[in-house]
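Here is the structure we will look at.
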DNA sequence: AAAATATTGCAACGATGTTGCAATATTTTT
DNA sequence: AAAAATATTGCAACATCGTTGCAATATTTT
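Chains as they are written, first to last, in my numbering: chain A, 38 to 174; chain B, 38 to 174.
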């Protein structure tokens, strides 16, 4: 871990607290998108449920995390840095296996979408693929 | 409405019932993706909550509807025919306004994603864009 | 029309996420 | 370095979204 987590928090005017450091550490270690439950599990449910929810929400608000769309009924989050960005728009692409649930982050190249009116502002662009991964095919 | 809804249900070996016809009718009329709540509202909450959930689930299972990823905590659904398809893979693209919540379905063209291992099978491919729509910019 | 089968409605439950508020921790000020 | 100001936490209660079990009802098949 080369990044200074305390500095990251400070730069967003957030207090430096054990919960926030733990949650950030999980994201930097796993380097993929994670649900609330994933984080709780990674930290052996030592953190208060509600505080983790609040931490995720404030990180999204501050732009440290992005909220990633999924077909399930729980949200997923990824470090903003995890997505590629062209200045204005953050991009994520992921493959979710419908059988084992594994999430595979992907690199994206050369995407074009037609028919978006010119006065629309895109802030986040996500690709979600569902199917079967190599192990489950 | 040119499609025969009863025939559609019959061809999937589903009983033809008022609830199913109502839900299908809403999808064909609105021709966009809808949440459970959208459907309940469109039908003035005359249908039983649970029955609508079950209807949506069985329609997804039978391939009549697809489940569309969102960043929120409720699922969205669209008619399978609403997405473009190249035989194996269904594609959807939508723009969700972060301010007014409006969902705009989009046409997609010419998408390529690199780095997906060859033994992965993609069944559904969705693009979700978040930002501000024309009215909210 | 009766038998077989599938669907519905209701109550209860589970999972996911939020709010209010007092207690506590962090940061800032002196 | 202590006090004051401010932000965060933990807990209980609640809200929303979705599911399950099961008896009653509707649809389909014979």
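The beta carbon of each residue, even a glycine, is placed where N, CA and C say it ideally should be.
Under 9 Å from the C-beta of residue i: neighbouring residues of chain B
i                      : result
residue 107 of chain A : 106, 107, 108
residue 170 of chain A : 154, 156, 157, 158
Beta-bridge partners of residue i, as assigned by DSSP
i                      : result
residue 141 of chain A : A:132
residue 164 of chain B : A:164, B:130
residue 170 of chain A : Answer by DSSP bridge pairing: none, since residue 170 of chain A is not bridged.
residue 43 of chain B  : DSSP, once it has assigned bridges, lists no residue as partnering residue 43 of chain B.
residue 115 of chain A : A:103
residue 54 of chain B  : Beta-bridge pairing links residue 54 of chain B to no other residue.
residue 71 of chain B  : B:114
residue 158 of chain A : B:169
Cβ pair residue i, residue j closer than 9 Å
i                      : j                      : result
residue 127 of chain B : residue 89 of chain B  : no
residue 119 of chain A : residue 167 of chain B : no
residue 142 of chain B : residue 69 of chain B  : yes
residue 112 of chain B : residue 104 of chain B : yes
Nearest residue (CA-CA) to residue i, options the options
i                      : options                    : result
residue 56 of chain A  : A:82, A:68, A:49           : A:82
residue 94 of chain A  : B:51, B:84, B:108, B:92    : B:108
residue 45 of chain B  : B:100, B:170, B:110, B:164 : B:100
residue 171 of chain B : B:157, B:132, B:156        : B:132
residue 65 of chain A  : A:138, A:135, A:114        : A:114
residue 173 of chain B : B:140, B:91, B:160, B:164  : B:140
residue 130 of chain B : A:75, A:40, A:106          : A:106
residue 42 of chain A  : A:121, A:50, A:58, A:78    : A:58
residue 50 of chain B  : B:96, B:73, B:157, B:78    : B:96
residue 121 of chain A : A:136, A:164, A:91, A:135  : A:164
residue 135 of chain B : A:137, A:157, A:67         : A:157
Per-residue contacts from residue i into chain A (C-beta, under 9 Å)
i                      : result
residue 166 of chain B : 126, 150, 153, 157, 159, 160, 161, 162, 163
Closer than 8 Å at the beta carbon, the chain A residues around residue i
i                      : result
residue 174 of chain B : 156, 157, 158
Amino acids of chain B, ordered along the chain, whose beta-carbon sits closer than 8 Å to that of residue i
i                      : result
residue 111 of chain A : 110
Next item on the list: Give the residues from the stretch 127-138 of chain A that approach chain B closer than 8 Å (Cβ to any Cβ), ordered along the chain.
Entry: 130, 132, 135
Margin query: Please identify, using Cβ separations under 7 Å, the residues of the stretch 45-71 of chain A that lie next to chain B, in order along the chain.
Written below: none
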